Amino acid sequence: MYTYEKQRPVMDDRSVAQSGGKERYRAIFDAVPVNIRKMIGGLTPKEMDDIEEFRLKAGAPFIVYGRNQSAFVTRDGKTTLDRAKAYTVTPEDTEKALQLMCDCSVYSIMDELREGYITIRGGHRVGVVGKVVTEGGRVKTIKEISGLNIRVSRQVIGCGSSLMPHIVRGREGVYNTLIISPPQCGKTTLLRDIIRQLSDGVPALGFFGVKVGVVDERSELAGCYRGIPQNRVGIRTDVLDSCPKAQGIMMLIRAMSPAVIATDELGREEDLAAVREALNAGVNIVTTVHGWNMEDVLRKPVIGKLLCTGVFERAVVLSRRRGPGTVEQVIDMDNKQTIRGNWGSLA
Amino acid sequence: MMIKLIGCLIIMACSTSGGYLLAAGYTRRVRELRIFQHALQALESEILFTSTPLPQAVSRMTRRLERPVNRVFDLFGHILEQRDGHTADEAWNMAIDRTRDLLCLDYEDIDIVRGFGKNLGSTDKENQEKTFRLVKYQLEEQLKKAEEMRRKNEKLCKNLGFLLGAALVILLV
Numbered sequence: 029m030y031t032y033e034k035q036r037p038v039m040d041d042r043s044v045a046q047s048g049g050k051e052r053y054r055a056i057f058d059a060v061p062v063n064i065r066k067m068i069g070g071l072t073p074k075e076m077d078d079i080e081e082f083r084l085k086a087g088a089p090f091i092v093y094g095r096n097q098s099a100f101v102t103r104d105g106k107t108t109l110d111r112a113k114a115y116t117v118t119p120e121d122t123e124k125a126l127q128l129m130c131d132c133s134v135y136s137i138m139d140e141l142r143e144g145y146i147t148i149r150g151g152h153r154v155g156v157v158g159k160v161v162t163e164g165g166r167v168k169t170i171k172e173i174s175g176l177n178i179r180v181s182r183q184v185i186g187c188g189s190s191l192m193p194h195i196v197r198g199r200e201g202v203y204n205t206l207i208i209s210p211p212q213c214g215k216t217t218l219l220r221d222i223i224r225q226l227s228d229g230v231p232a233l234g235f236f237g238v239k240v241g242v243v244d245e246r247s248e249l250a251g252c253y254r255g256i257p258q259n260r261v262g263i264r265t266d267v268l269d270s271c272p273k274a275q276g277i278m279m280l281i282r283a284m285s286p287a288v289i290a291t292d293e294l295g296r297e298e299d300l301a302a303v304r305e306a307l308n309a310g311v312n313i314v315t316t317v318h319g320w321n322m323e324d325v326l327r328k329p330v331i332g333k334l335l336c337t338g339v340f341e342r343a344v345v346l347s348r349r350r351g352p353g354t355v356e357q358v359i360d361m362d363n364k365q366t367i368r369g370n371w372g373s374l375a
Numbered sequence: 164m165m166i167k168l169i170g171c172l173i174i175m176a177c178s179t180s181g182g183y184l185l186a187a188g189y190t191r192r193v194r195e196l197r198i199f200q201h202a203l204q205a206l207e208s209e210i211l212f213t214s215t216p217l218p219q220a221v222s223r224m225t226r227r228l229e230r231p232v233n234r235v236f237d238l239f240g241h242i243l244e245q246r247d248g249h250t251a252d253e254a255w256n257m258a259i260d261r262t263r264d265l266l267c268l269d270y271e272d273i274d275i276v277r278g279f280g281k282n283l284g285s286t287d288k289e290n291q292e293k294t295f296r297l298v299k300y301q302l303e304e305q306l307k308k309a310e311e312m313r314r315k316n317e318k319l320c321k322n323l324g325f326l327l328g329a330a331l332v333i334l335l336v
């Protein structure tokens, strides 16, 4: 068992931490009004690195979440547990923040706003609530924005390194891999780094790097901002941003001739057909699914069926036992053996 | 005698050119209002048809604009690109405050132009279109007034300048 929390040396974390973390969180600073910038600026680099969410809700205190804890933020940028000292967010703050997030161009993000979230520079995602305007039963827009949740996107470059030997086969081969993980255990972060390494190549393994197609339905993997990936997803990676998975897989096969297709959270009936199509076309699949362990996933209707057909050659099970990204097991699905981990083999 | 003649000529030249300058103000106002109209038209199509984000849209259309109105939009785009935490409305007002001395517009014109920033970029396309339509209509009205003013006053100013000079010369001689 090992976690990638401990081994994150490759990223420029350290140098950024020295510069007060400001550059790294630039996009988040730019996304909020000046008064709130000051508060965020007052947080310590350590706090900044732990924060997963900044929550701005009109009429409620400014709250930050991270590492399963929450805290209020005071007017001068200190974290506190005392409700009375917290800064209370005004409706102007949220309204203004929304405008700043989209470069004062709300009209240009209407499609995203309809989905309830927008992606800002840096690949951070912002959840938006407010008054929803519907037309013909469909969400038309959200107005009178009352709450924003800025979810900090963190790439952990190199977090997939220890898994790569189990995923690549020779110079150019890739095993069909399924990452099984409960929510908040870092499966998207892990998948993103695996994509990057497959695409850039892994010199240590003599793996040259292959064309990777990514269907990024929820803009989480590549974190595209105006079409350009904000996260490092590799030099041979083509990203279809906010595209439905099943359609996206078909489009990539036809258009970009990928060797590997990666998507997050497979689970719908139509995804199944698309994955089969990809495998028929000789394309390998790397994907993730919500689940606690192999037994749990086998019970799921769609992905269970897919697993039974022996499509996947490798499975990786994550947990949060030693922090996000704890690898519990790596399973060789061909002979149902656990390659690593001590959680017992697949029954 | 020679000196007197030169003095007279100087007086005449000054007052006449003063009159022409005054008259030119009316022409410039009309011209600037027209440029503003074109600018809004250009910005509107960037926003409505291509959904270009405001900073890019502004910098793209500013290149095609004539002076002195281009200075307003230039500054506006610049402020937006700084990402200093100003909304489009604030940035627009700042841009106008800093450039209004270059413009020949009167208070009413400036008010209308200012009002344009109010909803800019903060709503969906439908409402953006409404904002543009309103401001373009208001500018059209101002333009009519400005034309009227020019027609009435341009000749008057020019003639008055000349005549004032002449009167002064006669009095002094």
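As given, the protein sequences belong to chains A and B, one line each in that order.
Using the numbering used here, you'd call the opening residue of the first sequence number 29 and step up by one each time.
Using the numbering used here, you'd call the opening residue of the second sequence number 164 and step up by one each time.
Cβ coordinates follow ideal geometry from the N, Cα and C atoms, glycine included.
Everything numeric in this text was worked out from a predicted model, so none of it was measured.
Original post:
Is the beta carbon of leucine 334/A less than 8 angstroms from the beta carbon of valine 303/A?
Top reply: Counting from one through the first sequence, the residue named residue 334/A turns up at place 306. Counting from one through the first sequence, the residue named residue 303/A turns up at place 275. Their beta carbons are under 8 angstroms apart, which means leucine 334/A touches valine 303/A by this criterion.
**OP:** Count the other C-beta atoms from every protein chain shown that fall within 10 angstroms of the C-beta of glutamine 212/A, then say buried if there are 16 or more, exposed otherwise.
**Re:** One-based indexing of the first sequence puts residue 212/A at position 184. Exposed, since its Cβ has fewer than 16 Cβ neighbours within 10 Å.
Original post:
What runs of the beta strand (DSSP E), each 3 residues or longer, lie entirely inside the region 175 to 236 of chain A?
Top reply: 205 to 209
Subject >> Whole-angstrom distance between lysine 124/A and arginine 230/B, CA atom to CA atom >> reply: One-based indexing of the second sequence puts residue 230/B at position 67. One-based indexing of the first sequence puts residue 124/A at position 96. Roughly 32 angstroms separates the two Cα atoms.
Subject >> Closer than 8 angstroms to chain B by CB, glycine 49/A >> reply: Counting from 1 along the first sequence, the entry for residue 49/A is found at position 21. Low confidence applies to glycine 49/A: its pLDDT is 48, below 50, so where it sits in the model is not reliable enough to give any reading.
Original post:
Along chain B, in chain order, which residues have C-beta atoms closer than 7 angstroms to that of arginine 65/A?
Top reply: Your numbering for residue 65/A matches position 37 in the first sequence. Result: Gly248.
Original post:
So what does DSSP say about leucine 84/A, is it helix, strand or coil?
Top reply: On the first sequence, residue 84/A is found 56 positions in, with the first residue counted as 1. Note: leucine 84/A maps to strand in three-state DSSP.
**OP:** Taking only beta-carbon positions, decide if aspartate 287/B is within less than 8 angstroms of chain A.
**Re:** For the purposes of this step, residue 287/B is identified with residue 124 of the second sequence, where counting begins at 1. True, the Cβ-Cβ gap to chain A drops below 8 angstroms.
Subject >> Cβ-Cβ separation, histidine 318/A to glutamate 293/A (assumed contact under 8 angstroms), whole Å >> reply: Start at 1 with the first residue of the first sequence, and residue 293/A comes out as number 265. Start at 1 with the first residue of the first sequence, and residue 318/A comes out as number 290. With 8 angstroms as the limit, glutamate 293/A and histidine 318/A qualify as a contact, their Cβ atoms being about 7 angstroms apart.
Original post:
By DSSP, does lysine 130/A sit in helix, in strand, or in coil?
Top reply: Taking the first residue of the first sequence as 1, we reach residue 130/A at position 102. What sits at residue 130/A in the sequence shown is cysteine, not lysine. Three-state DSSP puts cysteine 130/A in coil, outside helix and strand.
Original post:
In this structure, does DSSP put glutamate 195/B in helix, strand or coil?
Top reply: Position 32 of the second sequence, counted from the first residue, corresponds to residue 195/B. It is helical.
Subject >> Whole-angstrom C-beta distance between isoleucine 79/A and valine 180/A, which should lie under 8 angstroms >> reply: Position 152 of the first sequence, counted from the start, is the residue given in the question as residue 180/A. Position 51 of the first sequence, counted from the start, is the residue given in the question as residue 79/A. Sure, about 6 angstroms apart at Cβ, within 8 angstroms.
Original post:
At least one CB of chain B closer than 8 angstroms to the CB of cysteine 132/A: is that the case?
Top reply: The residue given as residue 132/A occupies position 104 in the first sequence. Cβ-Cβ to chain B under 8 angstroms: yes for cysteine 132/A.
Original post:
Per DSSP, what kind of secondary structure is tyrosine 183/B in: helix, strand or coil?
Top reply: Within the second sequence, residue 183/B is the residue found at index 20, counting from 1. Tyrosine 183/B falls in the helix class under three-state DSSP.
**OP:** Would you please verify whether the beta carbon of tyrosine 203/A is less than 8 angstroms from any beta carbon of chain B?
**Re:** Numbered from its first residue, the first sequence carries residue 203/A at position 175. It does not: the Cβ of tyrosine 203/A has no partner Cβ on chain B nearer than 8 angstroms.
Original post:
How big is the Cα-Cα spacing for glutamine 183/A and isoleucine 277/A?
Top reply: For this step, residue 183/A is matched to residue 155 along the first sequence. For this step, residue 277/A is matched to residue 249 along the first sequence. Each residue's alpha carbon lies about 24 angstroms from the other.
Original post:
Can you name the start and end residues of the alpha helix (DSSP H) that aspartate 244/A belongs to?
Top reply: To locate residue 244/A, count along the first sequence from 1; it is residue 216. That residue, aspartate 244/A, is in no alpha helix (DSSP H); its beta strand (DSSP E) goes 240 to 244.
Original post:
Nearest to arginine 277/B by CA position, among Arg313/B, Ala258/B, Asn290/B, Gly248/B, is which residue?
Top reply: As a first step, residue 277/B is located in the second sequence; it is residue number 114 there, counting from the start. Per the Cα distances, Ala258/B.
Original post:
If you measure beta-carbon to beta-carbon, which residues of the region 319 to 352 of chain A are closer than 9 angstroms to chain B?
Top reply: none
**OP:** Take the Cβ of aspartate 252/B as the centre, count every other Cβ of all protein chains shown within 10 Å, and call the residue buried at 16 or more, exposed below.
**Re:** As a working mapping, residue 252/B is identified with position 89 in the second sequence. Classification for aspartate 252/B: buried.
Original post:
Considering valine 232/B, what are the terminal residues of the alpha helix (DSSP H) in which it resides?
Top reply: Position 69 of the second sequence, counted from the first residue, corresponds to residue 232/B. First-last of the alpha helix (DSSP H) with valine 232/B: 232 to 245.
Original post:
With contact counted as at least three CB pairs below 8 angstroms, one residue from each stretch, are the region 215 to 225 of chain A and the region 189 to 207 of chain A in contact?
Top reply: yes
**OP:** Below 8 angstroms on the Cβ atoms is my guess for threonine 169/A versus methionine 138/A; work out the distance and round it to an integer in Å.
**Re:** The sequence position of residue 169/A within the first sequence is 141, counting from 1. The sequence position of residue 138/A within the first sequence is 110, counting from 1. Rounded, the Cβ-Cβ distance is 6 angstroms, consistent with contact.
**OP:** Can you tell me which of the three DSSP states arginine 166/A falls into?
**Re:** Locating residue 166/A in the first sequence gives position 138, where the first residue counts as 1. Arginine 166/A: strand per DSSP, three-state reduction.
Original post:
Does phenylalanine 210/B come within less than 8 angstroms of chain A when only Cβ atoms are used?
Top reply: In the second sequence, the residue the question calls residue 210/B occupies position 47. Sequence inspection shows isoleucine at residue 210/B; the phenylalanine mentioned does not correspond to that position. Chain A, which has a Cβ nearer than 8 angstroms to the Cβ of isoleucine 210/B, makes this yes.
Subject >> Given leucine 307/A as reference, the closest of Met67/A, Glu297/A, Val288/A, Tyr135/A once Cα atoms are compared >> reply: Position 279 of the first sequence, counted from the start, is the residue given in the question as residue 307/A. The shortest Cα separation from leucine 307/A among Met67/A, Glu297/A, Val288/A, Tyr135/A belongs to Val288/A.
**OP:** Give the residues from the region 129 to 162 of chain A that approach chain B closer than 8 angstroms (Cβ to any Cβ), ordered along the chain.
**Re:** Cys130, Asp131, Cys132, Ser133, Val134, Tyr135, Ser136, Met138
Original post:
Are there three or more Cβ pairs, one per stretch, closer than 8 angstroms when the region 215 to 235 of chain B is compared with the region 196 to 204 of chain B?
Top reply: yes
**OP:** Measure the C-alpha to C-alpha separation of alanine 187/B and cysteine 132/A and round it to an integer number of angstroms.
**Re:** Residue numbering aside, residue 187/B sits at position 24 when the second sequence is read from its first letter. Residue numbering aside, residue 132/A sits at position 104 when the first sequence is read from its first letter. Approximately 37 angstroms between the Cα atoms of the pair.
Original post:
In the region 160 to 181 of chain A, which residues sit with their C-beta less than 7 angstroms from some C-beta in chain B, listed in chain order?
Top reply: Thr169
Original post:
Do alanine 114/A and threonine 102/A have their CB atoms nearer than 8 angstroms?
Top reply: Counting from 1 along the first sequence, the entry for residue 114/A is found at position 86. Counting from 1 along the first sequence, the entry for residue 102/A is found at position 74. Yes.
Original post:
Quick one: what's glycine 351/A bridged to in DSSP?
Top reply: As a working note, residue 351/A is residue 323 in the first sequence. According to DSSP, glycine 351/A bridges with Arg349/A.
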